[in-house]
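Everything on this sheet refers to the single structure shown next.
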Amino acid sequence: MTNSEVVSLAKKNYMNNYAQAPVAIKSGRGMILTDEDGKEYLDFVSGIAVNALGYADEDIRKALLEVLDEGVLHTSNLYYNRRAAEAAAKLNELAGSRQVFFCNSGAEANEAALKMARKRGSAKGKSRIISFRDSFHGRTYGAVTLTGQDKYHKGFAPMLPDVQYAVYNDLDSVRALMDETVAAVFAEPVQGEGGIIPADKSFLKGLRELCSQYDALLIFDEVQCGIGRTGRPFCFQHYGIAPDILTAAKALGGGLPMGAVLAFDRAADIFSPGDHAATFGGNVAAAALALVVLSKLDSLCPHVETEGAFLHERLEALVLRHPDRAAGARGLGFMQGLVLKVSVPAVVAACREKGLLVCSAGHDVLRLVPPLIASRSDIDKAVSIIDEVLSEFKD
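Quick note on our numbering: the sequence shown kicks off at -4 and runs consecutively.
Here it is in structure tokens:
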């Protein structure tokens, strides 16, 4: 099929809830994706921060073939499976957490974390949850309530009760809401969809102190910024400030749907049998790929930290080169944003025409979240294309 044939078929049969680019991806290798028409793209989206190892990774292929040869893709949670148990042990080892719950997505992980906070709080007279403006935690009802962006709430009111929003990186705004009725504070160490905004260390430190003072859970949403994306296995490790609960997904499953909730000491043993479940959680195939991803973080993280700093420097140079079209660069590792003064969708489309896949974050940020294997030459090529697009941009 051609791109246009796939697009036409999809438009006839999909619900109208995506604004998709007219590109149908057919294959990939390394950092390069190829569409149904044979056009190649340098990928700096990685399935929205999912495809950490790029495409056609040999260890991913071997792990998946091994599962297929054994003949069991799914067992349900009525039984154990070796790969999920090993993946949970590796996550606890990397994070310093104690217990893991597996699900299928970041939204599901945040739903589980929300239930944990409410269950623990119910015994202590605590029901209120503090989240942040410009946050993003997913599209399910609890997760979208936690999301501090009005556009995601429109048409779906009423939201869940007892959720309030403070201002990100403004500790005083949290203090103004904090009291003994707060069950948990949800925060992204780097706000993703809100515009690639890293937390200040003093802000996270203050959240930790407030949650400890008021016996509330500190919950870090690392769905996008975790699993090596910022140059550490988990983003909180840059700050040296541990949460009580951490949610992860995206890159964890190596391209297959997988989410996880990690419970640290203060949140251990909240759930009892029957409190929560996910039929596909810890799926054999997804867990097998998770083991591959997690096994590579020791070698990938130093690469991401070094090359992410290089990417950030190149983006800052673009800002100096195009002061009328770019306002700044921010981010950690391979989670970088270029703040634009011109139309982000137009820049995304122009980059795609020139063979580079990038996407947006917030209303004015060009987001770059490449596979964690991206090389310096890949970065040079990507930044060169963005430079060219900005140079040619028509106001």
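Ideal placement from N, C-alpha and C gives every residue a C-beta, glycine not left out.
When C-beta atoms of the segment 301 to 311 are compared with those of the segment 320 to 333, three or more pairs fall below 8 Å, so the two segments count as touching.
Boundaries of the beta strand (DSSP E) harbouring K21: 20 to 24, taken from the DSSP string. Non-local C-beta neighbours of G23 in its own chain, meaning closer than 6 Å and more than five positions away in sequence, comprise Y50, ordered along the chain.
In the DSSP assignment, Q331 falls outside any alpha helix (DSSP H) and within the unbroken beta strand (DSSP E) covering 330 to 335. Under DSSP, P193 shares a beta bridge with V185. In terms of Cα proximity to C220, the closest of C230, S370, A211 is C230. The C-beta of E188 has 16 or more other C-beta atoms within 10 Å across all chains shown, which makes the residue buried.
Closest in C-alpha terms to D239, from the list L286, Q186, S92, comes S92. Scanning Y209, F131, G223 for the CA closest to the CA of F181 turns up F131.
Contact check for P252 against N99 passes: the beta carbons are separated by less than 8 Å.
By the CB criterion at 8 Å, K196 and Y160 fall outside the cutoff. Assignment of alpha helix (DSSP H) within the segment 22 to 65, counting only whole runs of 4 or more residues, yields 41 to 44, 53 to 65 in chain order.
Here G328 has R224, T225, G226, V299, E300, G303 as same chain residues with Cβ atoms under 7 Å from its own Cβ, once five neighbours each way along the sequence are excluded. When only Cα atoms are considered, G120 and K114 end up about 10 Å apart. Exposed is the label assigned to T(-3), since fewer than 16 other Cβ atoms lie within 10 Å of its Cβ. Between the segment 38 to 50 and the segment 357 to 376, the count of C-beta pairs closer than 8 Å reaches three or more; the two stretches touch. Going by C-alpha positions, K245 is about 23 Å away from M10.
Straight-line spacing of the CA atoms in L241 and K389 works out to 43 Å.
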